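Inspection log for the structure reproduced underneath, given as structure tokens.
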Amino acid sequence: MKRWMVMACAVAFGGAVVSCMAADVASSKNKPYEVAIQNFAFSPKTITVRAGTRVVWANRDEEPHTVTSAGNQFTSSKALDSGDIYATTFSKPGTYTYYCSIHPMMVGTIIVQ
Ligand SMILES: [Cu+2]
733 MKRWMVMACA VAFGGAVVSC MAADVASSKN KPYEVAIQNF AFSPKTITVR AGTRVVWANR
793 DEEPHTVTSA GNQFTSSKAL DSGDIYATTF SKPGTYTYYC SIHPMMVGTI IVQ
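Position 83 (the sequence shown) corresponds to 815 in the working numbering; numbering is contiguous.
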């Protein structure tokens, strides 16, 4: 059972290492959705998820970045150092835009259905 969960995580995230995910996958019918922060961009830049989905950002750059909600639509992160992860759950449908407060050119959108 445990091995199956680990494999499911690897498939869901394309092999990316997200250490905290096994429990979330097991306890939620909505799988967490990972957004990579790399090369001074959020990737994918725009995602569409179901209400109740946990979105996980992973800073894969060598620079610090933030996940800052435009208009305080959701709780923003603190500065994420290289390798840090930030996650929050989107429970209400809507369009959520965010940016990096250190590099405001970095923007992303989460569409919650
Ligand atoms: Cu940044």
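Even glycine gets a Cβ: it sits at the ideal position worked out from N, Cα and C. All of these numbers come straight from a predicted model, not from anything done at the bench.
Residue pairing by DSSP puts His797 in a beta bridge opposite Leu812. Each of His797, Cys832, Ile834, His835, Met838 has a C-beta closer than 6 Å to some heavy atom of ligand 1; these make up the full list, in chain order.
Here Arg782 is exposed. Its C-beta has fewer than 16 other C-beta atoms within 10 Å.
Put simply, the backbone Cα of Asn791 is about 5 Å away from that of Ser814. For the pair Cys832 and Ile779, the CB atoms are not nearer than the 9 Å cut-off.
Annotation for Arg786: the continuous beta strand (DSSP E) segment containing it runs 785-791.
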